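Under my numbering, the residues of the sequence shown are numbered 273 to 831, in order. Don't be surprised by glycine CBs; every beta carbon is placed ideally from N, CA and C. These figures come from a predicted structure and were not determined experimentally. These notes are about the structure you will find just below.
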Amino acid sequence: MLPDQLRNAPPASFQQHLIAQKEKVPAEKATWKGGLNYLFEALKMHREWYGRNQQYVQLKKDEKRLEGHVATLRSIISSSLSTLELEVGLREAELKGRVGAYKVMFEVSRIAAALSRPTVKLQILKPNDSSISVFCDTFVLDILLTGGAGEVESASLMTVVNEVTKQYPERDADLLQCLKELISGSSERFTEKLRRLVNRAELAVKFPNTNFDEMEDELQEKLQLVCAKQTLWSVRRGVDGVLLSFRDGLQCFPLESTERPVKRLKSDSEPVPEHNIWKSWHGCITFTEWKGAVAFHFLCDTPLVMSGIQSRRLAAIVLGYDDPEVAFHELVNSSSSDVVSFQPQLRFVRDTSTNVILQRTPVSMDCHLVTKEIVGGIKFDAFPIPHLRGSGENFMRILAVCGHSLFFHSVLASSFAGQKNSFGRADTTVDIDNAPKVAIQVEVSAPTSITLKMTGDFLDAESLVDVEIKEDCTMHVNVRNGVIADESVAQLAEATHSLPLLAYFLCQPHLMHTVPAIDAQRSNPADVVTIDDEPNEDDDMGGMTLDGDEIVLDDDSFF
């Protein structure tokens, strides 16, 4: 800017001022004041550049965030559109008489959409009004329906590993059974099996070099060899893995409970529980991630109830440790709840029950459970088995421990199936109210021994029966101060594993000598327990079938 004193000056003065300014600028740059001005201007310029760069970075972040929102909205809209299409189809089906088929497809689609994950996106395809498919990169599930009622004509599950597909009839049969339960209104089993199948597909994404189909084939072969030696176990393929079943053919639960059902008001929120007939224990072995590697996953449909000693022995076998206590604590403390699920167990079954033997001379048995304190009882819902510990020998030892626990609780539960239970067929001519009564005190001091203390008016003295549960799932019965020979007691223990029937036949000699109503029947052969090949509903207790085809459990709350 031109100074005020030079505004009216001649041109020569202005030229002199310009020359002086040109000489002054280089001189000022060499001073500290000029350097500070230069740095200030440079920082000012860099600040403007940095601000513009930050705006660009923030805009890029906003762009990616908006792209994520758009993808989420597209997924939600697509899912909602699919649901709306199914609902529209359901409404159309109501007019066309095909409600059942659309309801099944709607339920399958709803369950599959809920189980879909970012790593395992379940795709749903509906080619026509009678079929639906659920698929991802590792499996394909096809369902074919028939008729307006929505009956399942066929169902198949095909797994895909490295472009190699596999399909098994046993697996398809298991899927078909789950779908039939879904049609009847119970979707829990189908949902759980599909969830386990999705978990396996997620493992396949995380461990791409692992061939799960080959691992399942090897597991199937090992378990078949184990079950050939341990005959109470059976194995077959299922949707979610290799299915295990434990069933004691000599167990005899009451045919029905004679207790009247409790009346409930209409305002009660909880429904009356249905009587579920229990015939066998079921579980599954599939795959999971444990300590950063693939491991076998032992899943229990109904919990395994074990004592402290049994649970620690199981942990030592699973992990291969010499110290059971260290193995148990590592097993329950080093895994998430979905891999290892357990809870403390203090009592086994109900405290009291009345068992009525409907025979020519009926007997009423009042059983009272006396369980001494057993520290460390555990209910296992699931536990892992490391892949390196998955040999046939280890599986045999694991099933031996689990089978011993199941067999013990099966024997114990035979006396406490309900508050009042009946064995045999009802006879209107039999006076149950005036039947001889026996008080039985069932003492449990360890998961291998049960003691029955029997007292009654027709018994000469207190009878003590020691029942030892062996690891090979057999019973050894010892009768103190009894009148039955040891050979007969051993044969009886080999014929039935039901405590009420065992107590009844042990009391039978006393009944023959003390109850007058028996005198007229002494000419008839004594009742014996037989194992018949064919069930006969008209037979009395003497010809009762003990293979479990007819006599079943009316309550499954013990396992």
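Just tell me which of 376, 615, 329 has its CA closest to the CA of residue 450.
376
Straight-line gap, residue 486 to residue 463 (C-alpha atoms, nearest Å)
25 Å
So for residue 325, helix, strand or coil by DSSP?
helix
Would you check if the distance between the CB atom of residue 344 and the CB atom of residue 474 is smaller than 8 Å?
no
Let me know the secondary structure DSSP gives residue 676 once reduced to three states.
helix
Buried or exposed for residue 833, please, with buried defined as at least 16 other CB atoms from any protein chain shown within 10 angstroms of its CB.
The displayed coordinates of the chain run from 273 to 831. Any statement about residue 833 would go beyond what the structure contains.
Proximity of residue 523 and residue 677 at Cβ, strictly below 8 Å
no
In the DSSP assignment, what are the bridge partners of residue 489?
Residue 489 pairs with nothing; no bridge assigned.
Pull up the distance between the alpha-carbon of residue 467 and that of residue 387, whole angstroms please.
6 Å
Close beta carbons around residue 573, own chain, < 7 Å, minus the five adjacent residues each side:
554, 555
Helix, strand or coil: how does DSSP classify residue 750 here?
strand
Mapping the DSSP letters down to three states, classify residue 336 as helix, strand or coil.
helix
In this structure, does DSSP put residue 592 in helix, strand or coil?
coil
Rounding to the nearest angstrom, what Cα-Cα distance links residue 508 and residue 472 in this structure?
18 Å
Using the Cα positions of residue 580 and residue 639, report the straight-line distance between them to the nearest angstrom.
26 Å
Determine contact between the region 484 to 501 and the region 397 to 409, defined as no fewer than three beta-carbon pairs at a distance below 8 Å.
no
Who pairs with residue 414 in a beta bridge, going by DSSP?
405, 428
Identify every residue that forms a DSSP beta bridge with residue 505.
518
If residue 568 and residue 662 are in contact, beta carbons under 8 Å, what's the gap, nearest whole angstrom?
5 Å
Evaluate residue 594 with the Cβ neighbour count: other Cβ atoms within 10 Å of its Cβ, from every protein chain shown; 16 or more gives buried, anything less gives exposed.
exposed
Check whether the region 726 to 742 and the region 648 to 659 are in contact - that is, three or more C-beta pairs closer than 8 Å.
no
Measure the Cβ-Cβ separation of residue 747 and residue 683 and say whether it is below 8 Å.
yes
Helix, strand or coil: which one does DSSP assign to residue 439?
coil
Rounded Cβ spacing between residue 560 and residue 611 (contact assumed at less than 8 Å)
6 Å
Select from 430, 384, 332, 455 the residue whose C-alpha is nearest the C-alpha of residue 374.
455
Name the residue from 426, 440, 769 whose alpha carbon lies nearest to the alpha carbon of residue 432.
440
In this structure, does DSSP put residue 738 in helix, strand or coil?
strand
Residue 626 beta carbon less than 8 Å from that of residue 691
yes
From the DSSP output, read off the bridge partner residues of residue 654.
571, 613
Ignore the nearest five residues each way along the sequence and tell me which others in residue 283's own chain have a CB closer than 6 Å to its CB.
none
Selection from 632, 651, 671 that minimises the alpha carbon distance to residue 497
671
Buried or exposed for residue 290, going by 16 or more other Cβ atoms inside 10 Å?
exposed
Looking at the unbroken beta strand (DSSP E) that takes in residue 710, where does it start and where does it end?
709 to 718
Measure the alpha-carbon distance for residue 597 versus residue 743 and round it to whole angstroms.
21 Å
Between which residues of its own chain and residue 589 is the CB-CB distance below 6 Å, once the five residues before and five after are set aside?
669, 670
Assuming contact is defined by CB atoms lying nearer than 8 Å, are residue 576 and residue 558 in contact in what I supplied?
no
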